[in-house]
Amino acid sequence: MSNISQCGSRQRTLMGASALMSLLLATPAFAGEVNLSGLSSAPTVQRFIVKSRNSATVGIASTSSTLRSTLQSAATAMPAKNGRALGLTSLRRLALGPEVVKADRPLDRVEAEALMRQLAADPNVEYVEVDERMTAMLTPNDPSLSSQWAFGTTTAGINVRPAWDKATGAGVVVAVIDTGITDHPDLNANVLPGYDFISDDFISRDGDGRDADPSDEGDWTSAANECYFGSSPTDSSWHGTHVAGTVAAATNNAVGVAGTAFNAKILPVRVLGRCGGYTSDIVDAIIWASGGTVSGVPANTTPAEVINMSLGIGSACSITLQNGINGAVGRGTTVVASSGNSAANVSRMAPANCANVIAVAATTSSRAKAFYSNYGAGIDISAPGSGILSTLNDGATTPGSASYASYSGTSMAAPHVAGVAALMQSAAPSPLTPAQVETAIKNSAASFSCSQGCGAGLLDANAAVAAVLGARSGSERNHIVAVPSRSGAGSLTVSSAGGSGDADLYRAPGQRADRVTATD
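Those letters in the sequence shown? Residues -31 to -1, 1 to 489, per mature numbering (1 follows the signal peptide of the UniProt record, and there is no 0), in order.
1. Kindly list the residues whose CB is nearer than 7 Å to the CB of CYS423, restricted to its own chain and excluding five residues on each side of it in sequence; keep chain order.
2. Could you tell me which whole beta strand (DSSP E) segments of length 3 or greater appear in the region 268 to 302?
3. Which of helix, strand or coil does DSSP assign to LYS135?
4. Among residues of its own chain, excluding the 5 on either side of SER380, which ones have a beta-carbon nearer than 7 Å to its beta-carbon?
5. Decide if the region 282 to 293 is in contact with the region 86 to 94; the criterion is three or more beta carbon pairs, one per stretch, under 8 Å apart.
6. Grouping DSSP H, G and I as helix and E and B as strand, with all else coil, what is GLU186?
7. Leaving out five residues on either side along the sequence, give the residues of the same chain with a beta carbon under 7 Å from the beta carbon of GLY246.
8. Between the Cα of THR137 and those of SER399, ALA54, ALA391, spot the shortest distance and give me the residue it belongs to.
9. Distance, Cα to Cα, LYS135 vs GLY228?
10. Might you give, ordered along the chain, the residues of its own chain that have their beta carbon closer than 6 Å to the beta carbon of PRO131, omitting 5 neighbours on each side?
11. Once the 5 residues before and after ASP182 are set aside, which same chain residues still bring their CB inside 6 Å of it?
12. What alpha helix (DSSP H) runs, 4 residues minimum, are completely inside the region 158 to 203?
13. Specify whether the region 185 to 195 and the region 144 to 162 touch according to this definition: at least 3 beta carbon pairs, one from each stretch, less than 8 Å apart.
14. Return the bridge partner residues of ASN362 from the DSSP annotation.
15. Quick check on MET381: does DSSP put it in helix, strand or coil?
16. Using a 10 Å radius around the Cβ and a threshold of 16 neighbouring Cβ atoms, would you call ALA285 buried or exposed?
17. For a test of the three-state rule: what should DSSP assign to PRO75, helix, strand or coil?
18. Taking Cβ to Cβ, would you say SER21 is nearer than 8 Å to VAL129?
19. Which one or two residues does DSSP pair with LYS50 in a beta bridge?
20. Given a threshold of 16 other Cβ atoms within 10 Å of its Cβ, counted over all protein chains shown, does LYS50 qualify as buried or as exposed?
21. In chain order, which continuous runs of the alpha helix (DSSP H) of length 4 or greater are located wholly inside the region 405 to 443?
22. Between the C-alpha atoms of ILE127 and GLY121, what's the straight-line distance to the nearest angstrom?
23. Looking at the unbroken beta strand (DSSP E) that takes in ILE235, where does it start and where does it end?
24. Roughly how many angstroms lie between the CA atoms of THR45 and VAL266, to the nearest whole one?
25. Could you give the first and the last residue of the continuous beta strand (DSSP E) run that contains ALA330?
26. Helix, strand or coil for PRO353 per DSSP?
27. Helix, strand or coil, according to DSSP, for GLU13 in the structure here?
28. So, is GLY260 buried or exposed, given that buried needs 16 or more other C-beta atoms within 10 angstroms?
29. May I ask you to list the residues that DSSP assigns as paired with THR58?
30. Below 8 Å between beta carbons: does that hold for VAL389 and ALA321?
31. Where does GLY178 land, buried or exposed, given buried means 16+ other C-beta within 10 angstroms?
32. Are the CB atoms of GLY7 and VAL69 within a distance shorter than 8 Å?
33. How is the alpha helix (DSSP H) around ASP253 delimited, first residue to last?
34. Could you compute how far the alpha carbon of ARG243 sits from the alpha carbon of SER191?
35. Can you give the beta carbon distance from LEU161 to LYS234, rounded, assuming they're within the 8 Å contact cut?
36. Take the Cβ of VAL224 as the centre, count every other Cβ of all protein chains shown within 10 Å, and call the residue buried at 16 or more, exposed below.
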């Protein structure tokens, strides 16, 4: 009986494998595109993004009806597992038109590919891909670090102090698409009302779906294998709060740390929680943060000129993610992304490997590429990422008190670039295009030794802002001249030659001069 049972079980298994192979091979000529890159990022898959060919031209109700038929047909064609047929549910429609589809059980890679090909076989389907789950790109470091070396005067920093004489980020909004934000005295004055885009209750923890409260609920995990097989329990990272502080912590307030663009405003957009966040939520967040429309979400009254995404997934850039980024860039928003901490080629890390993104590698206080930083031809610029002191929270799980700590990672490098982009926009007489921002940042970069591909060089805030000012017609130039004291001298004459426009001469307060004249 035992042998017969085993043979019978083996026969059913072989039949199931044969059925899956048939599904994989039976792909009609009119099939939609199947993007399989997301299958390599996790051992099992449960959520997919399905784009209908007619989703942009017909009503939502009609598209949903067609999709229900597609899902039913695909589910029916899949072999049952343990006597149970596969169930598929459409969760919601993305701002770009695709639908988020969830299977009622995790699928291994073979099953997932078979299902994706079955869905794409429907002539109404344009493409199918995995709704990947991204995570923050940080490596926690010594919380006792007491200085911000990246803002210092050494050549390893971003040379931002002289840039602050030209621009402070005033009038510019930077969206931090991350874990949300916590209450912090060094941030509160610069934080705008944001939004929580997490749609999954397990990830979100707050249990109320998408809403106008982007507060970080904590991303701690309490058990092994909670996120995936092999994952370990972790404390909450308060990652979004740390990133936001690097971008725009308040400055000259005798408290804590300084932000790169300390007069810019932060738009907190929550997409990451317990175990990360789904691509579908991140794409809607990108659309909304840049001023686009997302169904069921109030309009964003403060669209961002810059988006920072210190997150990623080891995969190719998905179709849906690329479309979301393209939409943001088309609306004039510069998109900055961390390159990842795998010490590998950035070509396998999304969204840094997407087009129209400024991909950022991390450097150390010794002016070298950080050992963990990704690299390669896809890197656009490098910036400080090791031992970066910024705003944080001291809660191990749920929010506690405001604090400060240093983190390391490309997550910490990207907000330096986002902050400099904000400085550039605030200095410009009219909004710069994302292409202009990227070009100026790369052309003004400082060279440093890197043999693996670190982009144009090391971020130089002062040179980037100066490039914006130097390119503008009629730009204002301020020069401070210390005139040596001469016994008996009672007048000073300043002459200029060339150029056009007017020149103004000011005497510093408290300095005596009987007569000051300016001639052209």
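Here a beta-carbon is modelled for each residue, glycine too, at the ideal position from N, C-alpha and C.
If you're wondering where the values come from, they're calculated on a predicted model, not measured in any experiment.
Walking through what the data contain:
1. Contacts found: ALA330, LYS338, TYR344, ILE348, SER351.
2. Runs of the beta strand (DSSP E) inside the region 268 to 302: 275 to 278.
3. Residue state, collapsed to three classes: coil.
4. Excluding sequence neighbours, SER380 sits near ALA105, MET106, LEU107, HIS208, VAL212, SER279, SER307.
5. Inter-segment contact for the region 282 to 293 and the region 86 to 94 is absent: fewer than three beta-carbon pairs are separated by less than 8 Å.
6. Coil.
7. Within the same chain, GLY246 has close Cβ partners ARG102, MET103, ILE167, ILE172, VAL240.
8. Here the closest residue by C-alpha is ALA391.
9. Computed Cα separation, rounded: 15 Å.
10. Within the same chain, PRO131 has close Cβ partners ASN431.
11. Hits under 6 Å: ASP165.
12. Here the runs fully enclosed are 170 to 173.
13. Contact holds: three or more Cβ-Cβ distances are below 8 Å.
14. ASN362 pairs with ALA371.
15. MET381 falls in the helix class under three-state DSSP.
16. Counting every other CB atom within 10 Å of its CB across the protein chains shown gives ALA285 a total of 16 or more, marking it as buried.
17. The answer is strand: DSSP assigns PRO75 an E or B state.
18. Their beta carbons are not under 8 Å apart, which means SER21 does not touch VAL129 by this criterion.
19. DSSP output for LYS50 lists ARG53 as bridge partner(s).
20. Here LYS50 is exposed. Its C-beta has fewer than 16 other C-beta atoms within 10 Å.
21. 430 to 440, all fully within the region 405 to 443.
22. Taking the Cα positions, ILE127 is about 8 Å away from GLY121.
23. That run of the beta strand (DSSP E) goes 234 to 239.
24. If I take the Cα positions, the gap works out to 34 Å.
25. The continuous beta strand (DSSP E) containing ALA330 extends over residues 327 to 332.
26. For PRO353, the secondary structure class from DSSP, reduced to helix, strand or coil, is strand.
27. Reading off the sequence, residue 13 comes out as Thr, not Glu. Correct three-state label for THR13: strand.
28. Buried, because 16 or more other Cβ atoms sit within 10 Å of the Cβ of GLY260.
29. For THR58, the beta-bridge partners assigned by DSSP are LYS71.
30. Contact flag unset, no.
31. So GLY178 ends up on the exposed side.
32. In this structure, VAL69 sits away from GLY7, with a CB-CB distance that is not shorter than 8 Å.
33. It spans 248 to 258 - the alpha helix (DSSP H) in which ASP253 sits, taken as one unbroken run.
34. Near 10 Å, if we compare the C-alpha coordinates of SER191 and ARG243.
35. Rounded, the Cβ-Cβ distance is 5 Å, consistent with contact.
36. VAL224 is exposed by the Cβ-count criterion.
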